[in-house]
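**Q**
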Amino acid sequence: MKKYTLHIAFASLLSSTPVYALTPEELATVFFNKLPTEPESALDGLLASNPSIKTDDNQVMSLKALLKNYPNIHGKYQFSERICSYSIGEHIKRLTYIAGYEKSPMMFDFIFYNDGDEWQLNSIDTDTMDISTILNNKELCNVSKS
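All you need for the working numbering is the position in the sequence shown, starting with 1, plus 364.
Here it is in C-alpha cells:
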C-alpha cells in the first residue's frame, strides 16, 4: 500500500483568487471529471484553488506520476464515488472519495479550507488499497483523522 500526502501550511492559506470561488464539492467534481483523460491537468486545476502551492514541488510531481501511471497497472478508470463528507465548523471541510479502476480502487481524502471568501485545497491524501482493506477500515470516516 502506497500513501502520498500533500500538506500545505495552514498559515499560507490566507491568500485567495476569486476565479476559483467554487465549493469543495465543485472542486472535487471538476477534478474527477478530468482525472480519466487528463490526470496531471486535473491535479493542476485542484491545486490552482490554493495559489501558495507550487506545482513543481517534488510531492506534487510524485502525485502527478502516480495519477498518470495508476491506470497502467490497475486498469481503466471507471467511476468516482464520495464516501465521506463532513465539516468541522464553517471553514474546514473533508471529502473522501473512492476512484474505481478495473482492478482496484484508489482513495482520495481532500481537506478544504475557507478563509471567509472562498474554498481552497488544504491537503490531498491518496491511498492505493484493495477493497477488503477499505471495507475493514472502520476508521475511514473518523473525524479525528488528518
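All C-beta atoms in this analysis are idealised placements derived from N, C-alpha and C, irrespective of residue type, glycine included.
What residue range is occupied by the uninterrupted beta strand (DSSP E) comprising S488?
**A** A small fix is needed here, since residue 488 is Ile in this sequence, not Ser. W483 to T492 is the extent of the beta strand (DSSP E) around I488.
**Q** Considering only C-alpha positions, which residue in the set D420, G409, S468 and S487 is nearest to N478?
**A** S487
**Q** So the alpha helix (DSSP H) D408 belongs to, where does it begin and stop?
**A** P403 to L411
**Q** Going by C-alpha to C-alpha distance, which of Q484, T492 and L499 sits closest to A385?
**A** Q484
**Q** Pairing CB atoms from the region 405-423 with CB atoms from the region 435-449, are three or more of them under 8 Å?
**A** no
**Q** Can you name, in chain order, every residue of its own chain whose Cβ lies under 7 Å from the Cβ of S405, other than the five neighbours on each side?
**A** K398
**Q** When you compare only the Cα positions, how much space is there between D481 and T401?
**A** 31 Å
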